[in-house]
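**Q** As numbered in numbering that gives the first Met the number 0, residues 0 to 110 make up the sequence shown, in order. Even glycine gets a Cβ: it sits at the ideal position worked out from N, Cα and C. Pasting in a structure now, in structure tokens, and then I'll have a few things to ask.
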Amino acid sequence: MVRKQFLIRRARRLLTERGPAEVRLWSILRGDAFAQYAFKRDKVIGPFEVNFACEAAKVVVELCEASAGTFEAERMAFLKSAGWRVVCISQARVMAAPDEVERAVLDALNS
């Protein structure tokens with residue numbers, strides 16, 4: 000319970016500390032292509048926090064980097080075992096190819 004409260008406080012703090020890729024990804028997820036889906040930012044799922052989640056479709060969209068490490072692998076394994084589909088997108092891809100990002104997320108939502 001203490002860990003969940005910590006994550007909720009952290010998520011609220013992060014609402015004011017967004018990077019450009021996260022702001023752009025949120026803008027994509029709030030666009031017309033996703034009008035029928037309700038995404039939440041900084042969603043707590045179990046003992047972990049994810050960047051964006053659509054609860055109805057059980058899809059998580061994460062800004063991922065190659066050097067994530069063991070913690071990230073454990074988190075991804077937990078999410079997948081709990082029935083979530085995880086879409087990992089690099090910050091560079093969000094900034095350079097937003098149309099590709101949109102297609103990748105829509106593919107996950109429709110699969």
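Would you check if there are 3 or more beta carbon pairs closer than 8 Å linking the stretch 17-35 to the stretch 46-66?
**A** yes
**Q** As an exercise, report each continuous alpha helix (DSSP H) stretch of at least 4 residues that is fully enclosed by the stretch 9-58, in chain order.
**A** 19-28
**Q** Would you identify the three-state DSSP class for residue 64, choosing helix, strand or coil?
**A** Your numbering for residue 64 matches position 65 in the sequence shown. Residue 64 falls in the coil class under three-state DSSP.
**Q** Under 8 Å, do residue 88 and residue 107 count as touching if we go by C-beta distance?
**A** Here residue 88 refers to the residue found at position 89 when the sequence shown is read from its first residue. Here residue 107 refers to the residue found at position 108 when the sequence shown is read from its first residue. Contact flag unset, no.
**Q** What's the C-alpha gap between residue 93 and residue 4?
**A** Within the sequence shown, the letter at position 94 stands for residue 93. Within the sequence shown, the letter at position 5 stands for residue 4. The alpha-carbon atoms of residue 93 and residue 4 are separated by roughly 30 Å.
**Q** Just to confirm, is the Cβ distance from residue 83 to residue 44 under 8 Å?
**A** Residue numbering aside, residue 83 sits at position 84 when the sequence shown is read from its first letter. Residue numbering aside, residue 44 sits at position 45 when the sequence shown is read from its first letter. Yes; because the gap between Cβ atoms is below 8 Å, this pair is in contact.
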